[in-house]
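As given, the protein sequences belong to chains A and B, one line each in that order. To convert, note that position 370 of the first sequence is 378 in this note's numbering; the numbers rise steadily by one, no gaps. To convert, note that position 34 of the second sequence is 42 in this note's numbering; the numbers rise steadily by one, no gaps.
Protein chains: 2
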Amino acid sequence: MGGRLKVTYLVSCGVQAVESRARALAVEQSVEMPVAAITDAALRDGIVGRVDAIEPAGADRFAVTIALACATIEADAGQLLNMLFGNSSLHDDVVLADVALPDDMAAGFGGPRHGIAGFRGRLGAERRALTATALKPQGLPPAALADLAQKFAAGGIDLIKDDHGIADQSYAPFAARVPRIADAVREAVRKTGRPTLYVPNLSGDLDSMRVQLACAGAAGVAAVMVAPMVAGFATVRTLVTENPDMAFVAHPALGGASRVAPPLLFGKLFRLIGCDAIVYPNFGGRFGWSAQTCRALADAARAPWHGLAPSLPGPAGGMTRERVPELLDFYGPDVMLLIGGALLEAGPRLIEATADFVAAVHGHDYVKAVRARTSIRSSP
Amino acid sequence: MGGRLKVTYLVSCGVQAVESRARALAVEQSVEMPVAAITDAALRDGIVGRVDAIEPAGADRFAVTIALACATIEADAGQLLNMLFGNSSLHDDVVLADVALPDDMAAGFGGPRHGIAGFRGRLGAERRALTATALKPQGLPPAALADLAQKFAAGGIDLIKDDHGIADQSYAPFAARVPRIADAVREAVRKTGRPTLYVPNLSGDLDSMRVQLACAGAAGVAAVMVAPMVAGFATVRTLVTENPDMAFVAHPALGGASRVAPPLLFGKLFRLIGCDAIVYPNFGGRFGWSAQTCRALADAARAPWHGLAPSLPGPAGGMTRERVPELLDFYGPDVMLLIGGALLEAGPRLIEATADFVAAVHGHDYVKAVRARTSIRSSP
Numbered sequence: 009m010g011g012r013l014k015v016t017y018l019v020s021c022g023v024q025a026v027e028s029r030a031r032a033l034a035v036e037q038s039v040e041m042p043v044a045a046i047t048d049a050a051l052r053d054g055i056v057g058r059v060d061a062i063e064p065a066g067a068d069r070f071a072v073t074i075a076l077a078c079a080t081i082e083a084d085a086g087q088l089l090n091m092l093f094g095n096s097s098l099h100d101d102v103v104l105a106d107v108a109l110p111d112d113m114a115a116g117f118g119g120p121r122h123g124i125a126g127f128r129g130r131l132g133a134e135r136r137a138l139t140a141t142a143l144k145p146q147g148l149p150p151a152a153l154a155d156l157a158q159k160f161a162a163g164g165i166d167l168i169k170d171d172h173g174i175a176d177q178s179y180a181p182f183a184a185r186v187p188r189i190a191d192a193v194r195e196a197v198r199k200t201g202r203p204t205l206y207v208p209n210l211s212g213d214l215d216s217m218r219v220q221l222a223c224a225g226a227a228g229v230a231a232v233m234v235a236p237m238v239a240g241f242a243t244v245r246t247l248v249t250e251n252p253d254m255a256f257v258a259h260p261a262l263g264g265a266s267r268v269a270p271p272l273l274f275g276k277l278f279r280l281i282g283c284d285a286i287v288y289p290n291f292g293g294r295f296g297w298s299a300q301t302c303r304a305l306a307d308a309a310r311a312p313w314h315g316l317a318p319s320l321p322g323p324a325g326g327m328t329r330e331r332v333p334e335l336l337d338f339y340g341p342d343v344m345l346l347i348g349g350a351l352l353e354a355g356p357r358l359i360e361a362t363a364d365f366v367a368a369v370h371g372h373d374y375v376k377a378v379r380a381r382t383s384i385r386s387s388p
Numbered sequence: 009m010g011g012r013l014k015v016t017y018l019v020s021c022g023v024q025a026v027e028s029r030a031r032a033l034a035v036e037q038s039v040e041m042p043v044a045a046i047t048d049a050a051l052r053d054g055i056v057g058r059v060d061a062i063e064p065a066g067a068d069r070f071a072v073t074i075a076l077a078c079a080t081i082e083a084d085a086g087q088l089l090n091m092l093f094g095n096s097s098l099h100d101d102v103v104l105a106d107v108a109l110p111d112d113m114a115a116g117f118g119g120p121r122h123g124i125a126g127f128r129g130r131l132g133a134e135r136r137a138l139t140a141t142a143l144k145p146q147g148l149p150p151a152a153l154a155d156l157a158q159k160f161a162a163g164g165i166d167l168i169k170d171d172h173g174i175a176d177q178s179y180a181p182f183a184a185r186v187p188r189i190a191d192a193v194r195e196a197v198r199k200t201g202r203p204t205l206y207v208p209n210l211s212g213d214l215d216s217m218r219v220q221l222a223c224a225g226a227a228g229v230a231a232v233m234v235a236p237m238v239a240g241f242a243t244v245r246t247l248v249t250e251n252p253d254m255a256f257v258a259h260p261a262l263g264g265a266s267r268v269a270p271p272l273l274f275g276k277l278f279r280l281i282g283c284d285a286i287v288y289p290n291f292g293g294r295f296g297w298s299a300q301t302c303r304a305l306a307d308a309a310r311a312p313w314h315g316l317a318p319s320l321p322g323p324a325g326g327m328t329r330e331r332v333p334e335l336l337d338f339y340g341p342d343v344m345l346l347i348g349g350a351l352l353e354a355g356p357r358l359i360e361a362t363a364d365f366v367a368a369v370h371g372h373d374y375v376k377a378v379r380a381r382t383s384i385r386s387s388p
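The structure is reproduced here in structure tokens:
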């Protein structure tokens, strides 16, 4: 594979230092040795990173774009992260900000196999925003998780995922809980007449995830969740490739390394390796991300990009019924609002609280909001 | 598995906020939902994180120790990272600083199978510090890598690893380069009479790493390298368990997430899951870590800890012959000094430069340094 990808880093340094810092970065993310000691001219031209651009990006901060050789990555998703940021992750003054790939590299990774359309099709929800919740707390036995899932489904939620802490622990092993929860959801769906997807959480190594996927498939599950920064990018890509009918929901666990820009890591790279939906911490909830970061992430997940299917953004954390209008105005309908604690706090009114949330999402008037923003006011 | 592990986080906040921040952390890293909504008392007692201690740790900074339930982790290495820091990695104000495990959890993970003693035994070097270098640059074909390896071995280096960017690319696929390099090193060793280990770099998913390991074993290789933050902790642990005769060298790629303290991540956690040696960026080289951080990392890797074998620290980055005395005084002999670019810059004098470096390490007088530090001076 020939060609170069363009990688943008935000580098914190003074203007005197930036040119040499940029050259060092280009070397660190390619040959990682003094270039003068490379005697092979073709290798120097073909493999060593090249500084493409240096632009100011604030006080003592620069956006440095490096052209890296695609040949150093080929189609290995783990190697992609390694060459984008492996050693430079160890430098405090560098943030990995963005990546521009050649078409053939993007196509090689393939992106989501289902994307937003996949969820809409499975849920019969072609226009509206989607809703999701999580089975909590971990520690509950399968029967209790199934009961909870049945209630959420009765309330009309679109997607019910395992809490990301529910792995394969003795209190609710995957093989014991997933068929049971899937059955409970199927039963509830028979009554409501509306589809609800149960999304179990994968854990362990590639072998254990394969076993879990087979179990999930046999239980009629259509989507699974995985944390790419825990499992490893190569693991996720292999699972996506091997399970073309399964949708993959990405969880951001361990991905908060402050030095990879969230829109790039979660919006672009998770999408690139095949995540159909991306759960991430929403602004204004219990995490500290800004609205700007969240918008950039959702944009990166959904924007036209090398023909890859758009991934469904799943903002989560501190979600409430009251925030629905604000958030649907903010994100538009191509989003899955994930609500957790607020429903569980409703206690015996869980089904009603779920139905309330669902109704708010289904009934949102996007036109009214747009009109309010664009209306010509009569008073000056 | 019963019991609790103690996890220490450095939290940046004011004294008014810290108690509630600590409670939030305990919840985030366990049940991740409002505790009041948990009706199962046994679960509340057994699973919800508990704030164990809050100690000042600087201006507007606190060391918060949370007791997490071992039952949420059991023996899953990926789940360990998930429960230690999965969601909290997404909070800018938290650093994962340390972990204290119960004996049975540490034993469950097992630690290094070979450790420092394993390298000493394989190299016949029972007392002195060890030396290492890396095959660079990536892009070289197998024949050139083999030639370079032969030269390093002729110079008497203990260990030659692949540059961490050398994966399975078309210019030097694993199966093409590893037997060739291993042969060249074996040939050189026959002439020098001193052992040298070639350590190839594993890449891809678990399947591809297994194939690579089998190829390496067949080529007579005794140790392999892997980047746990790229491959995933569960992947590494599985490989360690399946290959009891192979030693594992950890590379720190992608591990620079500034919010897991390096001594914990590289010194303790890499050791815990079975890494026999740990490459990391040395102070005073091209990376910005302090001497204090490096000492803490080396201490964590080597200190008595639940009876786990000590891991061999492998400081790297900007290593030179001139720094050998300083670094051996700093680290003592239980270390592997990794030198890269400085040898390659010697060009046609590569073998001599290698031999120089090796001689400096072998000949280091530890007693002289200790005496200099402890001598009673005649003048006041």
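Backbone N, C-alpha and C fix where the C-beta goes; we use that ideal spot for every residue, glycine too. Note that the structure is predicted; figures quoted are calculated from it, not measured.
Item to complete: Kindly give me the distance between the Cβ atoms of GLY282 (chain B) and VAL244 (chain B), rounded to whole angstroms, as I take these residues to be in contact under 8 Å.
Response: 7 Å
Worksheet item: If we count Cβ pairs, one from each stretch, closer than 8 Å, do we get three or more for the stretch 65–85 of chain B versus the stretch 17–34 of chain B?
Response: yes
Worksheet entry | ILE62 (chain A) (DSSP reduced to helix, strand or coil) | strand
Worksheet item: For the ligand PLP, is there a heavy atom less than 8 Å away from the beta-carbon of GLY163 (chain B)?
Response: Looking for the ligand PLP in the displayed structure turns up nothing, as the structure carries no ligands at all.
Discussion item. DSSP three-state label for TYR374 (chain A), please.
Written reply: helix
Worksheet entry | Classification of LYS199 (chain A) by the beta-carbon crowding that lies within 10 angstroms, buried from 16 upward | exposed
Fill in: Contact list for GLN177 (chain B) against chain A, beta-carbon separation under 7 Å
ALA79, THR80 and GLU82
Fill in: At least 3 beta-carbon pairs within less than 8 Å: the stretch 124–142 of chain B vs the stretch 191–209 of chain B
yes
Worksheet item: Would GLY355 (chain A) count as contacting chain B if we go by Cβ distances under 9 Å?
Response: yes
Discussion item. Quick check: ASP60 (chain A) and LYS14 (chain A), are their CB atoms within less than 9 Å of each other?
Written reply: yes
Discussion item. Does chain B have any CB closer than 9 Å to the CB of SER387 (chain A)?
Written reply: Low confidence applies here, because SER387 (chain A) scores a pLDDT of 49, under 50, leaving its location unreliable and the question unanswered by this model.
Discussion item. By the 7 Å beta-carbon criterion, what residues does the stretch 344–378 of chain A contribute toward chain B?
Written reply: GLY348, GLY349, LEU352, GLU353 and GLY355
Item to complete: Could you have a look at ARG69 (chain B) and say whether DSSP puts it in helix, strand or coil?
Response: strand
Worksheet item: Below 8 Å, can you find three or more Cβ-Cβ pairs linking the stretch 217–229 of chain A to the stretch 243–258 of chain B?
Response: no
Discussion item. Measuring straight from C-alpha to C-alpha, what distance separates GLY263 (chain B) and ALA309 (chain B)?
Written reply: 16 Å
Discussion item. Tell me the DSSP secondary structure of THR139 (chain B) in three-state form.
Written reply: strand
Discussion item. For GLY225 (chain A) and VAL186 (chain A), what's the separation of their Cα atoms in angstroms?
Written reply: 10 Å
Fill in: 8 Å Cβ shell around VAL332 (chain B) - same chain, five flanking residues per side excluded
LEU345, PHE365, ALA368, VAL369 and HIS372
Item to complete: Please state whether DSSP places LEU280 (chain A) in a helix, a strand or coil.
Response: helix
Practice prompt. Measure the CB-CB distance between LEU92 (chain B) and LEU104 (chain B) and report whether it falls below 9 Å.
Written response: yes
Practice prompt. Compare the C-beta of PHE295 (chain B) against all C-beta atoms of chain A and say whether one is closer than 9 Å.
Written response: yes
Discussion item. In chain order, what are the residue ranges of uninterrupted alpha helix (DSSP H) at least 4 long that sit wholly in the stretch 332–381 of chain B?
Written reply: 332–339, 349–352 and 358–370
Practice prompt. Taking PHE93 (chain A) as the query, report the chain B residues whose CB atoms sit under 9 Å from its CB, ordered along the chain.
Written response: ALA261, LEU262 and GLY264
Discussion item. Suppose contacts are defined by Cβ-Cβ distances below 9 Å. Is PRO42 (chain B) in contact with GLY349 (chain A) by that definition?
Written reply: yes
Practice prompt. Could you pull out every unbroken alpha helix (DSSP H) segment of at least 4 residues lying fully inside the stretch 179–229 of chain B, listed in chain order?
Written response: 182–200 and 214–226
Discussion item. Please report whether the beta-carbon of ASP100 (chain A) lies at a distance below 9 Å from any beta-carbon of chain B.
Written reply: yes
Item to complete: Count the other C-beta atoms from every protein chain shown that fall within 10 angstroms of the C-beta of LYS376 (chain B), then say buried if there are 16 or more, exposed otherwise.
Response: exposed
Practice prompt. Mark GLU36 (chain B) as exposed unless 16 or more other C-beta atoms lie within 10 angstroms of its C-beta, in which case mark it buried.
Written response: buried
Fill in: Residues near LEU214 (chain B) in its chain [Cβ-Cβ closer than 7 Å; skip 5 each side]
THR243 and THR246
Worksheet entry | Beta-carbon proximity list for ARG267 (chain A), same chain, < 7 Å, skipping 5 on both sides | SER97, VAL102, VAL103 and LEU104
Item to complete: Select from B:LEU273, B:VAL23 and B:ILE124 the residue whose C-alpha is nearest the C-alpha of ALA65 (chain B).
Response: B:VAL23
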